[in-house]
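Asks: Can you read through this structure? Questions will come right after.
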Amino acid sequence: MNPKEIGAFLKELRNEKGITQEQLAEILGVSGRTVSRWETGNNLPDLSILVQIAEYYQVEIKEILNGERMSGNMNNELKETLLKVADYNQLEKERAAKAGNIAFNIMFLACAIAIIAQMLMNGSLSLVMGETAIFITGGIAYIFTAIKNGSWNGGIVKSTPEKDFAVSIACTAICSIPFCLILAKRIALPQAAAITVGFFLSLSALSYAILRGISRLSKKKADQLNSKTSE
Numbered sequence: 005m006n007p008k009e010i011g012a013f014l015k016e017l018r019n020e021k022g023i024t025q026e027q028l029a030e031i032l033g034v035s036g037r038t039v040s041r042w043e044t045g046n047n048l049p050d051l052s053i054l055v056q057i058a059e060y061y062q063v064e065i066k067e068i069l070n071g072e073r074m075s076g077n078m079n080n081e082l083k084e085t086l087l088k089v090a091d092y093n094q095l096e097k098e099r100a101a102k103a104g105n106i107a108f109n110i111m112f113l114a115c116a117i118a119i120i121a122q123m124l125m126n127g128s129l130s131l132v133m134g135e136t137a138i139f140i141t142g143g144i145a146y147i148f149t150a151i152k153n154g155s156w157n158g159g160i161v162k163s164t165p166e167k168d169f170a171v172s173i174a175c176t177a178i179c180s181i182p183f184c185l186i187l188a189k190r191i192a193l194p195q196a197a198a199i200t201v202g203f204f205l206s207l208s209a210l211s212y213a214i215l216r217g218i219s220r221l222s223k224k225k226a227d228q229l230n231s232k233t234s235e
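Heads up: the sequence shown begins at 5 in the numbering used here, then just goes up one per residue.
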């Protein structure tokens with residue numbers, strides 16, 4: 005298998021279609037630079053893109069890999085096999101990301117429950133400052149890693165505006181309960197309740213904005229990684 009011959013054949017097929025590299029790139033959902041690198045033999049299309057190219061040019065994948073035209077139509081069995089392999093690889097990546105998310109979420113929830121329980125028993129945030137700092141640092145590190153790998157939206161529950169809103173409300177409500185109880189030990193209950201409502205609304209809005217921002221950043225990074233994989 006010669007990448008240069010494959011690239012030359014891909015260029016020949018494109019010229020037969022009478023389209024530019026940019027037009028082909030738009031059809032396949034890649035960049036014009038990616039198509040150029042294919043046709044010069046510097047890179048080869050991945051399996052899923054290769055199937056699309058063969059279908060578009062109406063040639064067999066074997067013809068592309070050999071760098072020359074043969075008689076006959078695309079082999080359906082080979083096409084299906086390659087599509088299944090591509091889907092399998094993607095499924096494995098999603099399973100690995102989901103397993104990591106499940107493990108982290110269990111640990112994260114356990115830490116949060118432990119901190120809240122200590123706050124309720126001791127009535128003071130200062131006694132759990134160390135655990136809280138570790139908790140926040142771990143959460144930030146996890147979020148950074150998820151964004152970097154573009155895997156935030158591949159978690160247990162896919163991030164959507166509705167689900168992010170529900171998570172924000174639920175988490176803020178859990179935090180607001182010990183906040184109000186601790187505050188009520190120092191000031192009158194009506195005043196503590198009023199402050200807690202303000203705390204709940206402010207933190208809910210902030211949490212929702214952060215979750216939506218994380219989701220957008222992760223999706224952008226995932227798109228960039230997918231584009232690089234296709235090059």
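By construction, the Cβ of each residue, glycine as well, lies at the ideal position given by its N, Cα and C atoms.
All of these numbers come straight from a predicted model, not from anything done at the bench.
For Met5, which of helix, strand or coil comes out of DSSP?
Replies: Numbered from its first residue, the sequence shown carries residue 5 at position 1. Three-state result, Met5: coil.
Asks: Classify Ala192 as helix, strand or coil using the three-state DSSP reduction.
Replies: Numbered from its first residue, the sequence shown carries residue 192 at position 188. Coil.
Asks: Let me check understanding here. Comparing Cα to Cα, which of Val89, Leu54, Glu9, Lys8 lies closest to Leu28?
Replies: Counted from its first residue, the sequence shown places residue 28 at position 24. It is Leu54.
Asks: Can you tell me whether DSSP reads Asn109 as helix, strand or coil?
Replies: Translated into the one-based positions of the sequence shown, residue 109 becomes position 105. Correct three-state label for Asn109: helix.
Asks: Is the beta carbon of Arg18 closer than 9 angstroms to that of Val39?
Replies: Within the sequence shown, numbered from 1, the residue matching residue 39 stands at position 35. Within the sequence shown, numbered from 1, the residue matching residue 18 stands at position 14. Contact: yes.
Asks: Candidates Ile106, Glu67, Lys167: which alpha carbon is nearest Gly11's?
Replies: Residue 11 sits at position 7 when you count from the first residue of the sequence shown. If we check each option's Cα against that of Gly11, Glu67 comes out closest.
Asks: Do Ala188 and Ala196 have their beta-carbon atoms positioned less than 9 angstroms apart in this structure?
Replies: Here residue 196 refers to the residue found at position 192 of the sequence shown. Here residue 188 refers to the residue found at position 184 of the sequence shown. Against a cut-off of 9 angstroms, the Cβ pair of Ala188 and Ala196 comes out as a contact.
Asks: Give the straight-line distance between the Cα atoms of Lys223 and Glu135, rounded to the nearest whole angstrom.
Replies: Along the sequence shown, read from residue 1 onward, the residue named residue 223 stands at position 219. Along the sequence shown, read from residue 1 onward, the residue named residue 135 stands at position 131. Each residue's Cα considered, the two are about 31 angstroms apart.
Asks: State the DSSP-derived secondary structure class of Val55, mapped to helix, strand or coil.
Replies: The residue labelled residue 55 in the question sits at position 51 within the sequence shown. In this structure, DSSP gives Val55 a helical state, which the three-state scheme calls helix.
Asks: Ordered along the chain, which non-local residues of its own chain (more than five positions away) have a Cβ less than 8 angstroms from that of Asp227?
Replies: Here residue 227 is taken as the residue at index 223 of the sequence shown, counted from 1. If we look at Asp227 and ignore the five residues flanking it on each side, its Cβ neighbours are Gly154.
Asks: Can you tell me whether Leu14 is buried or exposed, with buried defined as 16 or more other CB within 10 angstroms of its CB?
Replies: For the purposes of this step, residue 14 is identified with residue 10 of the sequence shown, where counting begins at 1. Counting Cβ neighbours within 10 Å, Leu14 comes out buried, since at least 16 surround it.
Asks: Is the Cβ-Cβ distance between Phe139 and Ala107 less than 9 angstroms?
Replies: Your numbering for residue 139 matches position 135 in the sequence shown. Your numbering for residue 107 matches position 103 in the sequence shown. Against a cut-off of 9 angstroms, the Cβ pair of Ala107 and Phe139 comes out as no contact.
Asks: Using a 10 Å radius around the Cβ and a threshold of 16 neighbouring Cβ atoms, would you call Ala43 buried or exposed?
Replies: For this step, residue 43 is matched to residue 39 along the sequence shown. The residue asked about is misnamed: residue 43 is Glu in this sequence, not Ala. The residue in question, Glu43, is buried, as its Cβ has 16 or more Cβ neighbours within 10 Å.
Asks: Cα separation between Leu185 and Tyr146?
Replies: For the purposes of this step, residue 185 is identified with residue 181 of the sequence shown, where counting begins at 1. For the purposes of this step, residue 146 is identified with residue 142 of the sequence shown, where counting begins at 1. Approximately 30 angstroms, taken between the alpha carbons.
Asks: What first and last residue would you give for the alpha helix (DSSP H) that runs through Arg41?
Replies: The count along the sequence shown starts at 1 and reaches residue 41 at position 37. Residues 36-43.
Asks: Can Ser172 and Ser208 be called in contact, C-beta distance under 9 angstroms?
Replies: Taking the first residue of the sequence shown as 1, we reach residue 172 at position 168. Taking the first residue of the sequence shown as 1, we reach residue 208 at position 204. Taking 9 angstroms as the Cβ cut-off, Ser172 and Ser208 qualify as a contacting pair.
Asks: If you count every other CB in all the chains shown that lies within 10 Å of the CB of Pro165, and 16 or more means buried, which is it?
Replies: Residue 165 sits at position 161 when you count from the first residue of the sequence shown. Exposed, since its Cβ has fewer than 16 Cβ neighbours within 10 Å.
Asks: Could you have a look at Gly11 and say whether DSSP puts it in helix, strand or coil?
Replies: Here residue 11 refers to the residue found at position 7 when the sequence shown is read from its first residue. Correct three-state label for Gly11: helix.
Asks: Hey, how far is the Cα of Thr200 from the Cα of Phe112?
Replies: One-based indexing of the sequence shown puts residue 200 at position 196. One-based indexing of the sequence shown puts residue 112 at position 108. Roughly 24 angstroms separates the two Cα atoms.
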